[in-house]
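To start, the structure itself, in structure tokens.
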Ligand code: AMP
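Residue numbers (the working numbering): 154 to 452.
Shown next as structure tokens:
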């Protein structure tokens, strides 16, 4: 019998209940995977849940819109929230438990301890969203300490985030491995994102240009172009022609995020662009070996 046919999915709101459940699972010899999300689940999140299921027999999805990773002028208050729908989607995916703490559970009023990775969190989004990765790293460590997973699954959609977290988990001796799943896209190539809901129909149409630009850069790269600024220009031109405002488009070392002028090693082409008020990020790898198309940062 699967859960869709009626097996109970646990809904957990407190850290202590979550830890107790984990100890029960452990005693039963179960291997646990965590998929951290901010809810407003889409097919990208569901692909992470399926990946988690491949890696463990027990899957926990956390649904928590983390206030500490939003800047003062960002979209914390308007971020899409629909827990009933998220819960239902998790149930259809046969998730074992949804961890859905209230903000006060994760951040008591006198909360004062932060996880601050200082190297990989600095460039790209880090330049424009001060404090963002500090909020992300802190909540992921807290979620891991609540759920105690053997493996934690993230998406390549947030490639810098995955690299920062890989470093944090290693630096703090966290006993969980990190698994990174590929970007899931809409039929026209736009990377799925909870924030796509903010786009008007016109902006949604124009936002395809981000992936079109990345694809163009990949094609130039495949034909032998190794100059980073030429490849970056392909993206910038496509997005600008579609009326988007580029915040950054950069080529960096795929594991350590140093800037690259010539692509002489596996690279990440990362972009952030605004369509109206909506800020979207996307990326692709520029690989010498096309078959190694996964983000696999060394420990
Ligand atoms: P979020 O709910 O936006 O914080 O994302 C939760 C997790 O889902 C993160 O690890 C994201 O990288 C991942 N994710 C978001 N969008 C996608 C996507 N289109 N494809 C794959 N993973 C994604």
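From the three backbone atoms N, C-alpha and C, an ideal C-beta is built for every residue, glycine too.
As the structure is a prediction and not an experimental result, all values here were calculated from the model.
The Cβ atoms of residue 236 and residue 300 lie no closer than 8 Å to each other.
Looking at the DSSP output, residue 308 shares a beta bridge with 334. With respect to residue 162, residue 244 sits close: the two C-beta atoms are nearer than 8 Å. For residue 189, no alpha helix (DSSP H) encloses it; the enclosing beta strand (DSSP E) starts and ends at 185-190. In this structure, residue 276 and residue 433 do not form a Cβ contact; the two beta carbons are roughly 18 Å apart against a cut-off of 8 Å. Restricting attention to beta strand (DSSP E) runs no shorter than 3 residues, the region 203-264 encloses them at 211-216 and 250-252, ordered along the chain. In terms of Cα proximity to residue 329, the closest of 188, 170 and 160 is 188.
Judged by DSSP in its simplified three-state form, residue 268 adopts coil rather than helix or strand. Taking C-alpha positions only, residue 370 is separated from residue 323 by approximately 33 Å. In the DSSP assignment, residue 339 forms no beta bridge with any residue.
Where residue 398 is concerned, the enclosing beta strand (DSSP E) starts and stops at 398-406. Here residue 325 is exposed, its C-beta having fewer than 16 other C-beta atoms within 10 Å. Scanning 385, 377, 169 and 420 for the CA closest to the CA of residue 254 turns up 169. Counting along the chain, no alpha helix (DSSP H) covers residue 379, and no H or E run does either. Membership of residue 359 in the alpha helix (DSSP H) is indicated by the continuous run 354-359. In this structure, residue 374 has its CB at a distance of at least 7 Å from all heavy atoms of the ligand AMP. By DSSP's assignment, residue 412 forms a beta bridge with 405. With a threshold of 16 other beta carbon atoms within 10 Å, residue 231 falls short and is exposed. Counting C-beta pairs with one atom in each stretch, the region 205-224 and the region 176-190 have three or more that are closer than 8 Å, which means they touch. Per DSSP, residue 425 lies in no alpha helix (DSSP H); the unbroken beta strand (DSSP E) holding it starts and ends at 420-428.
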